[in-house]
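Let me begin by presenting the structure, written as structure tokens, before commenting on it.
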Amino acid sequence: MLSEKIIIVTGGSGLIGRAIIQDITKKGGIAINADISVETNLDKGLLNVDITNDDSIEKGIQTVITHYGRIDGLVNNAYPRTKDWGNKFEDIIPDSWRKNIDMQMNSYFVFCQKVLKHMAKQQNVAIVNIASIYGVVGNDFTVYEGTSLTSAAAYSAIKGGIINFTRYLASYFGKDNIRINCVSPGGIFDNQNPVFVENYEKKVPLKRMGTPEDIAPAVSFLLSDEAKYITGQNLIVDGGWTAI
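In the numbering used here, the protein residues as written are 4 to 247.
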């Protein structure tokens, strides 16, 4: 399905990133974990990249090109954020808002721009941007009742922006046969407060939170030639959350 495709996955050390790496590898691809927490060793699929630093992104991409001669796929998955991420709307400091948008949404732009320069010379290449259901619909704050949890305001702005940016890229690069899509996960179980989990699972039609393994195959599909006529789409993997 992904035989010998060279695919960079940003944030491959994270919860969803690890599952994406594993699924790409299982399907025959060569997955490269571009993460700030690893040391570069392409023989082991590791690439040290700070996605908040333009020079680091450029250097990482060039390292892959030098080693493999091409990049067949990119998954923008990394999710850097400030320590005050998740503050209530009233308590968000404007500089924090700006920094989170810069670290998350703007890093997607930079990574896409620098990778697409190389992809434009190839055929059958694809990008998948990881978005969210909260880039599609409004937040249901009732799922947080009885907990100290909330949803960061910047998250909705960032993910909504990424979805429409993906549509822009798909339109712009369609002439080059480059496919660019999104995957929008619903809530992913990560040992959250049991009250939140119960609240969430009551509302989602499939009656459970998602797992990273629910998300990864959708990403692999969009990277593969099986999706060769799919571009500019947002594949929502949410157990039916956005259907009701």
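Cβ coordinates follow ideal geometry from the N, Cα and C atoms, glycine included. None of the values given here were measured: they were computed from a predicted structure.
Review point. Does the segment 122-141 come close enough to the segment 150-168 that 3 or more CB-CB pairs lie under 8 Å?
Key: yes
Exercise for review: Measure how close the beta-carbons of PRO220 and ASP26 come, nearest whole angstrom, since I'm counting them as under 8 Å.
Suggested key: 6 Å
**Study point:** Cβ pair ILE95, ALA156 closer than 8 Å
**Key:** yes
Practice item. Check whether the segment 208-217 touches the segment 103-114, taking contact to mean three or more Cβ pairs, one atom from each stretch, closer than 8 Å. Key: no
Check your understanding: Given PRO83, which residues of its chain have a CB within under 7 Å of its CB, disregarding the five upstream and five downstream residues?
Key -> ILE54, THR55, MET106 and GLN107
Exercise for review: On the DSSP bridge assignment, give the partners of CYS185 in chain order.
Suggested key: ASN132 and ASN237
Exercise for review: Work out the CA separation of GLU93 and THR28 for me, nearest whole Å.
Suggested key: 44 Å
**Study point:** ALA81 vs GLY32 beta-carbon contact at 8 Å
**Key:** no
Exercise for review: Identify whether ASN142 lies in helix, strand or coil by the three-state DSSP scheme.
Suggested key: coil
Exercise for review: Since I believe ILE9 is in contact with ASP75 (beta carbons under 8 Å), could you give me their beta-carbon distance rounded to a whole number of angstroms?
Suggested key: 5 Å
Practice item. Figure out for me which residue from ASP57, SER187, ASP143 and ILE39 has the closest Cα to the Cα of ASP241. Key: SER187
Practice item. My understanding is that PHE192 touches TYR147, with C-beta atoms under 8 Å, so please give their C-beta distance in whole angstroms. Key: Not really, about 15 Å apart at Cβ, beyond 8 Å.
Practice item. Spatial neighbours of LEU77 within its chain, please: CB distance less than 6 Å, with the 5 preceding and 5 following residues excluded, ordered by chain position. Key: ILE11, VAL118 and ILE130
Review point. What residues are listed by DSSP as bridge partners for THR13?
Key: ALA37
Review point. Where does ASN79 sit, in a helix, a strand or coil, going by DSSP?
Key: strand
Point to revise | Pick from THR150, TRP88, ILE35 and ARG21 that is closest to TYR71, judged by C-alpha positions | key: ILE35
Check your understanding: On the three-state DSSP scale, how would you describe LEU209?
Key -> coil
Check your understanding: If we call anything under 8 Å between Cβ atoms a contact, is ASN237 one with ILE166?
Key -> yes
Check your understanding: For ASN79, is the classification buried or exposed, using 16 other Cβ atoms within 10 angstroms of its Cβ as the cut-off for buried?
Key -> buried
Exercise for review: Pull up the CB-CB distance for ASP143 and LYS206, whole angstroms please, since I reckon it's below 8 Å.
Suggested key: 7 Å
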